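Residue numbers (our numbering), protein chains in the order written: chain A, 1 to 463; chain B, 1001 to 1211. Cβ coordinates follow ideal geometry from the N, Cα and C atoms, glycine included. What you are looking at is a predicted structure, and each value in this text was computed from that prediction instead of being measured. Each remark here refers to the structure printed beneath this line.
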């Protein structure tokens, strides 16, 4: 058999039927649903007189529009309460497992799915959310779909898809101390551009990627869509297997071993060919922060807002204007009003540990509102058990309930117009965190440093 | 899905790259409104000034383009969030065709699910069409012929995936099509349970309903 890429192997394993021209009917192993639109998907299915094909392979949890206020209930944000209720009743009628707020397993879909063993290496995973590619970090064939496709998946447990071209991004060497997967992702996007991955599935490989822990790989794959790609994947290895073992819905005992021996075959063959290949030196990566309104507008925290941007592109000029920044000025030192640590990019336990390391024994600067929003109920409980909550609250951060919160700002929690927020989320789009809100993307350590300093600051040299 | 055969009308140039789906429709709108109510809110971040009034400088606020059925966009149009509401909002404004050098992948798929025709053309071609479109004279996009006809009579061919073209022309319902294959799906599933027993889960125990 000819050499195959990791993506070829994952794709082939899910083809139910081929239609020609690279179109196929792919089996969906796990369908994730969330509150922003999940209810209407169930309604649409019922309207067509159809049933859920495999309710045992579908999982629902409210994350986008739930309040993160301590002590929150379903209706704390009333519009969210309606969406939450629609999802809950749809899931219950359909016999779909629903992880409600406050329960173990509740959380941002892309945090709770791998954490619960719902997403596993080698599985196909879909969700009406572009960051479904996060799950590629454990070697899953995971991709975002639209609402119509979600109705299709509920009704048929399949999706019609055209096989994309493939790109490999190899990162060789090791990231320097204090430089994280988030910084690597922003570095890649700033070098390649936000559309570089459009039409591709991206495999991240190389010694720097192999050296990442599993949660960092989830972060890296989370940002594949900000490169334009629907898929980001990292080959599962022994570290992945150890991370997956024992998760609530992961296979157990002999079944796990059978799965593990299959998972060990999930890697790109030595002579497989990619349509595009890019190689980066991990030593070139510094802590990154964005200055504009696309994730590609990123510079090292020690760098300057590019002078060239203003002259070159009207888009960049509009971005600078929206962000209230001047070309050529150092990005560090820019005063900040808000800090948000959370989102499916960076709300896992390791992220909170990295931020807590910076926050420990220090204090949030006067005038800065700083939030920590754990990605899931399990992350929250684990962080509380190891004392991270105390570290954050002692330092003046607010410790909140899990959800997407101020990443997408669908839960009524917004950065006020004109205010500047350093955020560990994945999008700095115009109005993403609220109309007029100015977002700088960064790693948890860099965000925590900004909260302490009251301005954009290098976490490695914080006094 | 509404079938698409041809559309005639002004083509509005929106020459900026990376117009994301958050900008096409704000999350608060899609959370609060039904899909047929979104039209007035399409691209509001660009159409409106901070005080809520229309920005007369924005192309879709200018008379010949207010109800343009064709949008000429920059690279990576519809990047970002998977929200299908971005397509519903554009269609709610009467836009039936977007021509751009490239599209966000999920947005591109979502277009076909709803009968909005996304056409990929090289940047130079899109720019040339934009120049010809500036006065607001009508273009015709014909999916049957796979051509764009300019007001001066120039005919620009475009390529589109054969399967998607047919589905659009006929307004095919993908779910009904796939359900015709349900026996193969079930057979595949049956066989897969032997190959990948670890991939399969039993049905969760029913949960008590919460008031």
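Item	Value
Beta-carbon gap between residue 319/A and residue 1050/B smaller than 9 Å	no
C-alpha gap between residue 1013/B and residue 1176/B, whole angstroms	37 Å
Other residues of its chain near residue 461/A: CB distance less than 6 Å, five sequence neighbours each side excluded	none
The segment 399-407 of chain A contacting the segment 372-379 of chain A, beta-carbon criterion three pairs below 8 Å	yes
For residue 147/A, the nearest candidate out of 391/A, 172/A, 43/A (CA to CA)	43/A
Start and end residues, beta strand (DSSP E) containing residue 16/A	15-20
Within 9 Å, strictly: CB atoms of residue 402/A and residue 138/A	no
Closer than 8 Å: residue 162/A CB and nearest the ligand FMN heavy atom	Within the structure as shown, the ligand FMN is missing, as the structure has no ligands at all.
Cβ of residue 1050/B within 9 Å of any chain A Cβ	yes
Rounded C-alpha distance that separates residue 106/A from residue 141/A	22 Å
CB contact below 9 Å: residue 51/A versus chain B	no
Cα-Cα separation, residue 217/A to residue 289/A	19 Å
Whole-angstrom distance between residue 1083/B and residue 129/A, CA atom to CA atom	7 Å
Opposing strand residues paired with residue 167/A [DSSP bridges]	202/A, 276/A
Under the three-state DSSP convention, the category residue 99/A falls into	coil
Host alpha helix (DSSP H) of residue 258/A (start-end)	253-263
Reduced DSSP category for residue 1142/B - H, G, I as helix; E, B as strand; rest coil	strand
Selection from 1067/B, 1081/B, 1039/B that minimises the alpha carbon distance to residue 145/A	1081/B
Residues bridged to residue 420/A (per DSSP)	438/A
Contact residues within the segment 130-149 of chain A, judged by C-beta distance below 9 Å to chain B	130, 131, 132, 143, 144, 145, 146, 147, 148, 149
Short CB-CB distance (under 9 Å) between residue 158/A and chain B	yes
Sequence-distant residues of the same chain with beta carbon closer than 7 Å to residue 192/A, five excluded per side	227, 278
Selected residue, minimal CA-CA separation from residue 426/A, among 347/A, 420/A, 458/A	347/A
At least three beta-carbon pairs within less than 8 Å, the segment 282-297 of chain A to the segment 166-176 of chain A	yes
Inter-residue spacing [alpha-carbon to alpha-carbon] between residue 303/A and residue 176/A	17 Å
When 155/A, 273/A, 68/A, 463/A are compared against residue 166/A, the one with the closest alpha-carbon	273/A
CB of residue 53/A within 9 Å of CB of residue 154/A, strictly	yes
Three-state secondary structure (DSSP) of residue 1152/B	coil
Beta-bridge partners of residue 231/A, as assigned by DSSP	201/A
Cα-Cα separation, residue 159/A to residue 30/A	12 Å
Contact under 9 Å by Cβ, residue 1047/B with residue 1030/B	no
Counterpart residues of residue 162/A in DSSP-defined beta bridges	23/A
Secondary structure of residue 1166/B, DSSP reduced to three states	helix
Chain A contact for residue 1197/B (CB, 9 Å cutoff)	yes
Straight-line Cα distance separating residue 430/A from residue 1033/B	21 Å
Beta carbon proximity, residue 222/A to chain B, threshold 9 Å	no
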